[in-house]
Structure formats: structure tokens, C-alpha cells
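Read the structure below first, then the notes.
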Amino acid sequence: MTSRSTSWAIPVESAAGLRLRALVLAYLLTGRRRSEVLNLRWRDLDLEGGFYRYTGKGGKERQRALPPPVRLAILVYAQAAGLTRKPEEAVFPGRWRDQPVDGKYIGEQLRQAAQLAGIELERPLHTLRHSYARALRRVEAPLEAVQAALDHSNLATTSIYLRQLEGQEDPWWPKLAAELGLEGREEVTPTGEERP
Numbered sequence: 001m002t003s004r005s006t007s008w009a010i011p012v013e014s015a016a017g018l019r020l021r022a023l024v025l026a027y028l029l030t031g032r033r034r035s036e037v038l039n040l041r042w043r044d045l046d047l048e049g050g051f052y053r054y055t056g057k058g059g060k061e062r063q064r065a066l067p068p069p070v071r072l073a074i075l076v077y078a079q080a081a082g083l084t085r086k087p088e089e090a091v092f093p094g095r096w097r098d099q100p101v102d103g104k105y106i107g108e109q110l111r112q113a114a115q116l117a118g119i120e121l122e123r124p125l126h127t128l129r130h131s132y133a134r135a136l137r138r139v140e141a142p143l144e145a146v147q148a149a150l151d152h153s154n155l156a157t158t159s160i161y162l163r164q165l166e167g168q169e170d171p172w173w174p175k176l177a178a179e180l181g182l183e184g185r186e187e188v189t190p191t192g193e194e195r196p
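Below, the structure written as C-alpha cells:
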């Protein structure tokens, strides 16, 4: 991925920018809630097996597949930031490596990046969850699959959730997919080299 493909304001030349990119991909491609991603520890990731564990709403522990673009973005970020990847350390640390970065801080970074792209958002991290739900419906995922993906306890919650999104413009999905290079053919290796 090149700086040109992230011209909408995620500075991929810095560790902080790579962290933001990894977080955006994690939210956009998993549909997780804010705390479910920010509270990840290295012990929660199985990078070889391709899955992650997280604590969902109500304290329920769950395990899901780790999308390859998210895995790669996390590895690129960790390398650039010099993270030691100790099991007890936060995957997305703030000032101290054993504590996750503040969600309000990340939300503000996303809000600023979105503003530079001409997108106004009130709740940037939750909007990415909405984009994930919309994307599932766009590819004709059954309502039950959306329910399971979002960890909703019952189908009625998912129906209400999706109904509330009807008619609302999705400010993130199309632009993010293009800007993050998800529609293109190039890949980034963990060392940062581009592959066609």
C-alpha cells in the first residue's frame, strides 16, 4: 500500500498512522465493538492459526477468524512501533504497553481523518461497525449470519439494528475500501514491501 492510497489522512509513514490503519481494518472487517478490539492482548491472537479471542458484551469470551488484511496490518504496525508482542501487552497500546490506547483518542483521530476526506461523523468507531453490518447485507448474508457476526443475543435486536440503518448513507465503506487498497491487487508484506 502506498501513501497515495491513504491520501484521505491516515499517515502510514508513522507507527501511529499504521496503528490507526490496523484499527480501521479491524473494525471494518470484523464488526467488533470498540472495547472488543482495543482490549486485545497479544495472548488473544493466534497469528499462525488465524484467529483471535475477545471478551464480548456481557463478559462472554468468543473466538473468531482473524481476517488476513487485519493480521497483516497488525504485524506491520507492531514492527514499525517496535512492539515486543509479550502475551500480557496490549496489541494497540497507549502510553504504557500494558494498557490499551484510549478509545476516545482513536475516535478523535478517525473523526479528523474522516473530516479531511469530507465525511462528518459523530461516532466513528461505531460507524465502522455499521459499515460491516451493511456490507454483510450487501453480499446477501442471511439475517441470522449478521446476528452471529455482530454477537447480538437475539434476531430481533439485529432486525432493529439493520432497520435503523436503512436509508442512512454509509459514509465509510466505499471510500475506505478504495482508499485502503482493499479493492486493488497490491499487497503489503510484514516488512512493508509491496507485492503486485
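Residue numbers (full-length UniProt numbering): 1 to 196. Don't be surprised by glycine CBs; every beta carbon is placed ideally from N, CA and C.
Out of 84, 72, 74, 32, which one is the CA nearest neighbour of residue 61?
Of the listed residues, the one whose Cα sits closest to residue 61 is 32.
Backbone CA spacing between residue 67 and residue 133 [nearest angstrom]:
It is roughly 16 Å from the alpha-carbon of residue 67 to the alpha-carbon of residue 133.
On a Cα-Cα basis, can you pick out the residue from 46, 163, 124, 164 that is closest to residue 64?
That would be 46, whose Cα lies nearest to the Cα of residue 64.
Terminal residues of the continuous alpha helix (DSSP H) containing residue 36?
That run of the alpha helix (DSSP H) goes 34-38.
C-alpha gap between residue 258 and residue 144, whole angstroms
For residue 258 there is no data in the structure shown, the boundaries of the chain being 1 and 196.
Exposed unless 16 or more other CB atoms sit within 10 angstroms - verdict on residue 41
Looking at its Cβ environment, which holds 16 or more other Cβ atoms inside 10 Å, residue 41 is buried.
Could you check whether residue 100 and residue 94 sit closer than 8 Å to each other, using their CB atoms as the reference points?
Taking 8 Å as the Cβ cut-off, residue 94 and residue 100 qualify as a contacting pair.
Can you find the residues in the same chain that come closer than 6 Å, C-beta to C-beta, to residue 17, ignoring five residues on each side of it along the sequence?
Excluding sequence positions up to five before and after residue 17, its CB lies within less than 6 Å of the CB of 10, 11, all in the same chain and listed in chain order.
So, residue 135 versus residue 124, is the Cβ gap smaller than 8 Å?
No, the pair does not count as a contact, with Cβ atoms beyond the cut-off.
Cross-strand partners of residue 63 (DSSP beta bridge)
Answer is 53.
Mind reading off the beta-carbon distance from residue 74 to residue 22? Whole number of angstroms is fine, and I expect it under 8 Å.
Yes, residue 74 and residue 22 are in contact; Cβ-Cβ is about 5 Å, under 8 Å.
Kindly provide the ranges of any beta strand (DSSP E) runs that are 3 or more residues long and lie completely inside the region 55-119, ordered along the chain.
Qualifying beta strand (DSSP E) stretches, in chain order: 61-65.
Enumerate in chain order the residues of its own chain whose CB-to-CB distance from residue 184 is below 6 Å, with the five nearest sequence positions on each side excluded.
Because the pLDDT at residue 184 is just 40, under 50, the model does not fix this residue reliably, and the value given afterwards should be weighed accordingly. For residue 184, where only same-chain residues beyond five positions count, there are no Cβ hits under 6 Å.
Specify the secondary structure class of residue 41 as computed by DSSP and reduced to three states.
Strand, per DSSP.
Do you know how far the Cα of residue 14 is from the Cα of residue 89?
Cα-Cα distance, rounded: 21 Å.
With the cut-off set at 8 Å, would you say residue 19 and residue 81 are in Cβ contact?
Going by C-beta atoms, residue 19 is nearer than 8 Å to residue 81.
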